[in-house]
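A.B. asks: Respectively, the protein sequence lines represent chains R and F. Sequential numbering of the first sequence, starting at 1, is according to the numbering used here. Sequential numbering of the second sequence, starting at 285, is according to the numbering used here.
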Amino acid sequence: MATAHDDAPMHLQAARNGSVADHVARPIMRVENVDVYYGDFRAVTDVNLAFGLNEITALIGPSGCGKSTLLRSLNRMNDLIEGARVEGEILFHGENIYGKGVDPIEVRRRIGMVFQKPNPFPKSIYDNIAYGPRVTGMKVESMDDLVEESLTRAALWDEVKDKLKQSAIGLSGGQQQRLCIARAISVRPDVILMDEPCASLDPIATMRIEDLMQELRKQYTIVIVTHNMQQAARVADRTAFFTAQVSEGSGARTGVLVEYGTTTQIFEDPTDQRTEDYISGRFG
Amino acid sequence: MLANTTASVTEVPRTASTGGSTTPSGHPPRSMFAGRARPGEAVIKLALRLAAAVAMLTTIGIVIALLVPAIGFFREVPVFDFLFGDRWAPRFADASFGVIPLVTATLWTTAIALVVAVPLGLGAAILLSEYARPGLRKVLKPILELLAGVPTVVYGLFALQFIQATVFREWLRLDTGAFSVLAAGLVMGIMIIPTVASISEDAMSAVPMALRQGSFALGANRMQTSLRVVFPAALSGIMAAIVLGISRAVGETMIVAIAAGNQARIVSGPLEQGQTMTGFIANAALGDSRVGSLEYDTLYAVGLLLFAITLIVNFISIRLVRRFRQAY
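#1: A494 (chain F) touches chain R at which residues, Cβ-Cβ below 7 Å?
#2: Looking at the C-beta of L411 (chain F), does it have a partner C-beta in chain R at a distance below 8 Å?
#3: Is A233 (chain R) near T263 (chain R), with beta carbons less than 8 Å apart?
#4: What does the alpha-carbon distance come out to for the pair A252 (chain R) and A494 (chain F)?
#5: Checking the sheet assignment: what are the DSSP bridge partners for P294 (chain R)?
#6: Tell me L604 (chain F)'s beta-bridge partners as DSSP assigns them.
#7: Cβ closer than 9 Å: which chain R residues qualify as neighbours of V513 (chain F)?
#8: Please go through the same chain and pick out, in chain order, the residues whose beta-carbon is closer than 7 Å to the beta-carbon of G132 (chain R), but skip the five residues on each side of it.
#9: What does the alpha-carbon distance come out to for the pair I542 (chain F) and P516 (chain F)?
#10: Please report how far the alpha carbon of R609 (chain F) lies from the alpha carbon of V527 (chain F), in whole angstroms.
#11: If we cut at 8 Å on Cβ distances, does I90 (chain R) have a partner in chain F?
#12: Are there 16 or more other CB atoms within 10 angstroms of the CB of A291 (chain F), so buried, or fewer, so exposed?
#13: Of all Cβ atoms in chain R, is any one closer than 8 Å to the Cβ of F608 (chain F)?
#14: So which residues of chain F does N75 (chain R) contact, with C-beta pairs closer than 8 Å?
#15: Pop quiz: L216 (chain R) and I224 (chain R) are said to be a contact at Cβ under 8 Å. What is the actual Cβ separation, rounded to whole angstroms?
#16: Which runs of the alpha helix (DSSP H), 4 residues or longer, sit entirely within the segment 547-612 of chain F?
#17: Look at I125 (chain R) and T226 (chain R) and say whether their C-beta atoms are less than 8 Å apart.
#18: Can you give the beta carbon distance from T562 (chain F) to T537 (chain F), rounded, assuming they're within the 8 Å contact cut?
#19: How about A50 (chain R) and V24 (chain R): do their beta carbons lie closer than 8 Å?
#20: Give the C-beta separation of R178 (chain R) and A154 (chain R) to the nearest angstrom, bearing in mind that I take them to be a contact with Cβ-Cβ under 8 Å.
#21: Given a threshold of 16 other Cβ atoms within 10 Å of its Cβ, counted over all protein chains shown, does Q158 (chain R) qualify as buried or as exposed?
#22: For F617 (chain F), count neighbouring Cβ atoms within 10 angstroms of its own Cβ and tell me buried if that reaches 16, exposed if not.
#23: Within a Cβ cutoff of 8 Å, which residues of the same chain sit near T275 (chain R), ignoring the five residues on either side of it in sequence?
#24: Use the C-beta contact count for S68 (chain R): other C-beta atoms within 10 angstroms, 16 or more gives buried, fewer gives exposed.
#25: To the nearest angstrom, how far is the alpha carbon of A326 (chain F) from that of F317 (chain F)?
#26: Using a Cβ-Cβ distance under 8 Å, would L171 (chain R) count as near chain F?
#27: Pop quiz: A568 (chain F) and I476 (chain F) are said to be a contact at Cβ under 8 Å. What is the actual Cβ separation, rounded to whole angstroms?
#28: Which ranges does the alpha helix (DSSP H) cover as unbroken runs of at least 4 residues, wholly within the segment 344-406 of chain F, from first to last along the chain?
#29: Could you tell me which residues DSSP pairs with A335 (chain F) in its beta bridges?
#30: Mind checking if R109 (chain R) is an interface residue toward chain F, Cβ cutoff 8 Å exclusive?
#31: Would you mind sorting Q547 (chain F) into buried or exposed? The rule is 16 or more other CB atoms within 10 Å of its CB.
#32: Enumerate, from N- to C-terminal direction, the unbroken alpha helix (DSSP H) stretches of 4 or more residues contained entirely within the segment 88-129 of chain R.
#33: Quick one: which unbroken beta strand (DSSP E) runs of 3-plus residues sit fully inside the segment 204-251 of chain R? Chain order, please.
#34: Please decide whether T221 (chain R) counts as near chain F, where near means a Cβ-Cβ distance under 8 Å.
#35: Flag E106 (chain R) as yes if its beta-carbon sits less than 8 Å from any beta-carbon of chain F, otherwise no.
#36: In three-state DSSP terms, what is F463 (chain F)?
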């Protein structure tokens with residue numbers, strides 16, 4: 001697995017149009033012409049994005065802009081919602097994860113997910129971590145070592161090493177969320193999707209998660225949905241700004257990708273007026 | 285009740301802020317938090333208390349009604365002889381009151397019923413809660429509930445005529461008589477399926493979606509998620525369902541009275557006939573024993589034992605749930 005790399009080359013900031021996706025240095029995932037539907041309702045339309053290896057990409061935008069919907073389609077979690085459907089291609093290492101013969105279970109193992117509200121299983125801390133490797137039939141030499149390694153990487157080991165057999169429900173919210181991160185990395189994914197992982201946490205717990213993300217970035221590719229623009233500015237290498245477009249005829253709201261670029265560019269020099277309005281707090 | 289509340293509001297000494305001053309009219313000032321009188325609330329409260337009291341008093345009444353004649357019985361027959369005696373012949377001239385034969389028949393029918401009802405009921409619950417799309421659910425649930433609405437006497441006849449007479453004797457040519465605890469137990473199991481399924485399904489549906497998502501996001505499949513995450517999280521509800529199933533099986537009367545048999549002998553195999561505790565009560569209560577006679581009192585002794593068994597099952601299950609449940 002690749003280690004930390006230098007910050008994104010400056011020339012990427014020059015790319016300002018829809019083809020920014022082509023400028024991501026080492027894309028591990030590409031989203032090509034993707035529309036996501038819930039039944040007849042088109043939630044997101046025509047998204048083109050690429051996520052660079054060992055980068056943190058933030059998806060930002062006002063409520064209802066489809067960023068969480070897009071995130072959930074990146075590891076086929078949308079399959080669990082009745083009537084959800086993806087058109088276009090989402091390529092992971094060049095292979096369409098919605099292609100024929102692709103096992104969504106294998107997709108989810110390679111592309112892990114952390115949710116908005118910490119959702120540890122009502123089991124012991126140890127069993128929470130061991131669950132993923134057990135159900136996926138991962139060949140593990142020593143489960144104890146794997147549990148320790150996962151918890152260490154999630155910066156939780158020192159706090160819980162003496163109470164691994166206790167229920168995870170007894171942990172604080174911030175600890176629970178780090179446990180969920182540890183659980184996600186226990187199955188050794190390449191990509192971790194985070195859906196507003198700090199939305200239910202206090203500022204100190206949030207800071208710890210953000211620090212952790214910088215640490216995890218060395219080994220994993222992270223895509224994070226956040227409502228908190230400062231958080232995107234603090235942690236992300238790249239930022240994609242989405243908004244909801246209201247159709248003139250039917251009044252239906254559809255999420256669209258407005259602008260995608262390096263975080264610096266998006267926050268300091270946005271090309272689209274809508275991005276600038278959102279960033280500067282004029283709407284959303 | 286109501287009068288009390290208003291009185292206490294006006295009588296509160298208000299020394300702190302208003303310094304005990306009174307209004308010009310001579311009345312103490314009303315608290316700024318004083319609410320409007322709500323007489324309707326008192327009525328509702330009373331009605332609710334009455335409803336709760338009826339349930340409680342009925343239970344107490346049942347215990348007393350069982351205890352008094354049972355005490356009369358145990359004056360005549362030692363408790364030990366009753367609980368551990370292996371010959372049940374209360375109506376013979378050479379009477380004997382060992383309840384073991386009745387207990388063995390009850391154990392057999394209950395065990396057979398559970399072997400049917402627990403796996404099928406839990407399977408149905410998992411199907412409904414974890415697999416079925418809303419359309420299928422809409423069809424399956426009413427059918428399942430219909431099963432619960434069939435009168436037990438119909439189940440009894442079904443066990444006697446179809447399962448025992450036709451299936452066991454005619455088709456399978458099993459070595460069995462007119463009755464068997466197996467036929468009664470099997471049909472009783474079918475009868476209990478909706479109870480087990482419906483309560484476990486409620487418990488499993490109540491498990492937060494977030495836990496399932498967490499499991500799927502780790503690459504677990506639906507079966508693993510159902511069995512390893514949802515099932516343990518819903519365990520207390522599932523145990524409650526099973527316990528209710530046991531209670532119904534132990535207490536079920538009509539099916540066993542019709543199809544299990546009516547000779548109180550120790551049952552040593554599923555194809556034998558046997559009279560259960562409830563079967564005996566139903567049979568003996570038909571009216572030919574004199575009130576106050578020893579034979580009459582035996583009904584209550586057996587009833588008390590049934591009550592005690594149900595209570596013990598409940599108690600054990602509460603302990604088990606506390607120990608194994610995964611609270612979310």
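Backbone N, C-alpha and C fix where the C-beta goes; we use that ideal spot for every residue, glycine too.
C.D. replies: By the coordinates alone:
#1: Within the second sequence, residue 494 (chain F) is the residue found at index 210, counting from 1. Ordered by position in chain R, the residues that pass the 7 Å Cβ test against A494 (chain F) are F115, K117 and N119.
#2: Within the second sequence, the letter at position 127 stands for residue 411 (chain F). L411 (chain F) does not count as touching chain R.
#3: The residue labelled residue 233 (chain R) in the question sits at position 233 within the first sequence. The residue labelled residue 263 (chain R) in the question sits at position 263 within the first sequence. The answer is yes: Cβ separation under 8 Å.
#4: Start at 1 with the first residue of the first sequence, and residue 252 (chain R) comes out as number 252. Start at 1 with the first residue of the second sequence, and residue 494 (chain F) comes out as number 210. When the Cα atoms are used, A252 (chain R) and A494 (chain F) turn out to be separated by approximately 28 Å.
#5: Only positions 1 to 284 of chain R appear in this structure, which leaves residue 294 (chain R) out of reach.
#6: As a first step, residue 604 (chain F) must be located in the second sequence, where it is residue number 320. Secondary-structure assignment with DSSP links L604 (chain F) through no beta bridge to anything.
#7: In the second sequence, counting from the first residue as 1, residue 513 (chain F) sits at position 229. At a beta-carbon threshold of 9 Å, the residues of chain R lying near V513 (chain F) are F121, P122, K123 and Y131, ordered along the chain.
#8: By one-based count along the first sequence, residue 132 (chain R) stands at place 132. Same-chain partners within the cutoff: R183, S186 and V187.
#9: Taking the first residue of the second sequence as position 1, residue 542 (chain F) is located at position 258. Taking the first residue of the second sequence as position 1, residue 516 (chain F) is located at position 232. Taking the straight line from one Cα to the other gives about 38 Å.
#10: Counted from its first residue, the second sequence places residue 609 (chain F) at position 325. Counted from its first residue, the second sequence places residue 527 (chain F) at position 243. Roughly 15 Å separates the two Cα atoms.
#11: Taking the first residue of the first sequence as position 1, residue 90 (chain R) is located at position 90. Chain F, which has no Cβ nearer than 8 Å to the Cβ of I90 (chain R), makes this no.
#12: Within the second sequence, residue 291 (chain F) is the residue found at index 7, counting from 1. Because the pLDDT at A291 (chain F) is just 42, under 50, the model does not fix this residue reliably, and the point stays unresolved.
#13: Reading the second sequence from its first residue, position 324 is the one you call residue 608 (chain F). No, F608 (chain F) does not count as interfacial toward chain R.
#14: As a first step, residue 75 (chain R) is located in the first sequence; it is residue number 75 there, counting from the start. Going along chain F in sequence order, the residues near N75 (chain R) (Cβ under 8 Å) are A501.
#15: Walking along the first sequence from the start, residue 216 (chain R) turns up at place 216. Walking along the first sequence from the start, residue 224 (chain R) turns up at place 224. For a cut-off of 8 Å, the C-beta gap from L216 (chain R) to I224 (chain R) is around 11 Å, too long to register as a contact.
#16: The segment 547-612 of chain F contains these whole alpha helix (DSSP H) runs: 561-568 and 578-608.
#17: Here residue 125 (chain R) is taken as the residue at index 125 of the first sequence, counted from 1. Here residue 226 (chain R) is taken as the residue at index 226 of the first sequence, counted from 1. Taking the C-beta atoms as reference points, T226 (chain R) is found no nearer than 8 Å to I125 (chain R).
#18: In the second sequence, residue 562 (chain F) corresponds to position 278, counting from 1. In the second sequence, residue 537 (chain F) corresponds to position 253, counting from 1. Correct: roughly 4 Å between the Cβ atoms.
#19: Indexing the first sequence from 1 puts residue 50 (chain R) at position 50. Indexing the first sequence from 1 puts residue 24 (chain R) at position 24. Yes. Within cutoff.
#20: Numbered from its first residue, the first sequence carries residue 178 (chain R) at position 178. Numbered from its first residue, the first sequence carries residue 154 (chain R) at position 154. In this structure R178 (chain R) is in contact with A154 (chain R), their Cβ atoms being roughly 5 Å apart against a cut-off of 8 Å.
#21: Your numbering for residue 158 (chain R) matches position 158 in the first sequence. Looking at the sequence shown, residue 158 (chain R) is not Gln but Asp. Exposed is the call here.
#22: Lying before the first or after the last residue shown, residue 617 (chain F) is absent from chain F, which here runs from 285 to 612.
#23: For this step, residue 275 (chain R) is matched to residue 275 along the first sequence. Result list for T275 (chain R): F241, V258, E259 and I266, in chain order.
#24: Within the first sequence, the letter at position 68 stands for residue 68 (chain R). In this structure S68 (chain R) is buried. Its beta-carbon is surrounded by 16 or more other beta-carbon atoms within 10 angstroms.
#25: Numbered from 1 along the second sequence, position 42 holds the residue referred to as residue 326 (chain F). Numbered from 1 along the second sequence, position 33 holds the residue referred to as residue 317 (chain F). Rounded to whole angstroms, the separation of the alpha carbons of F317 (chain F) and A326 (chain F) is 19 Å.
#26: Position 171 of the first sequence, counted from the first residue, corresponds to residue 171 (chain R). Interface annotation, L171 (chain R): not in contact with chain F, CB-CB separation never under 8 Å.
#27: Here residue 568 (chain F) corresponds to residue number 284 of the second sequence, with the count starting at 1. Here residue 476 (chain F) corresponds to residue number 192 of the second sequence, with the count starting at 1. Taking the Cβ atoms as the reference, A568 (chain F) lies roughly 25 Å from I476 (chain F), outside the contact range of under 8 Å.
#28: Counting only runs of 4 or more, we get 363-368.
#29: The sequence position of residue 335 (chain F) within the second sequence is 51, counting from 1. Answer is none; A335 (chain F) lacks a bridge partner.
#30: Translated into the one-based positions of the first sequence, residue 109 (chain R) becomes position 109. Yes - at least one Cβ of chain F is within 8 Å of the one on R109 (chain R).
#31: In the second sequence, residue 547 (chain F) corresponds to position 263, counting from 1. Around the beta-carbon of Q547 (chain F), fewer than 16 other beta-carbon atoms lie within 10 Å, marking it exposed.
#32: Counting whole runs of 4 or more residues, the segment 88-129 of chain R contains the alpha helix (DSSP H) stretches 104-110.
#33: As far as the segment 204-251 of chain R is concerned, its whole beta strand (DSSP E) runs of at least 3 residues are 221-225 and 238-246.
#34: For the purposes of this step, residue 221 (chain R) is taken as residue 221 along the first sequence, with counting starting at 1. Not a single C-beta of chain F is nearer than 8 Å to the C-beta of T221 (chain R).
#35: Here residue 106 (chain R) is taken as the residue at index 106 of the first sequence, counted from 1. True, the Cβ-Cβ gap to chain F drops below 8 Å.
#36: Along the second sequence, one-based indexing puts residue 463 (chain F) at 179. F463 (chain F) sits in coil when the DSSP states are folded into three classes, being neither helix nor strand.
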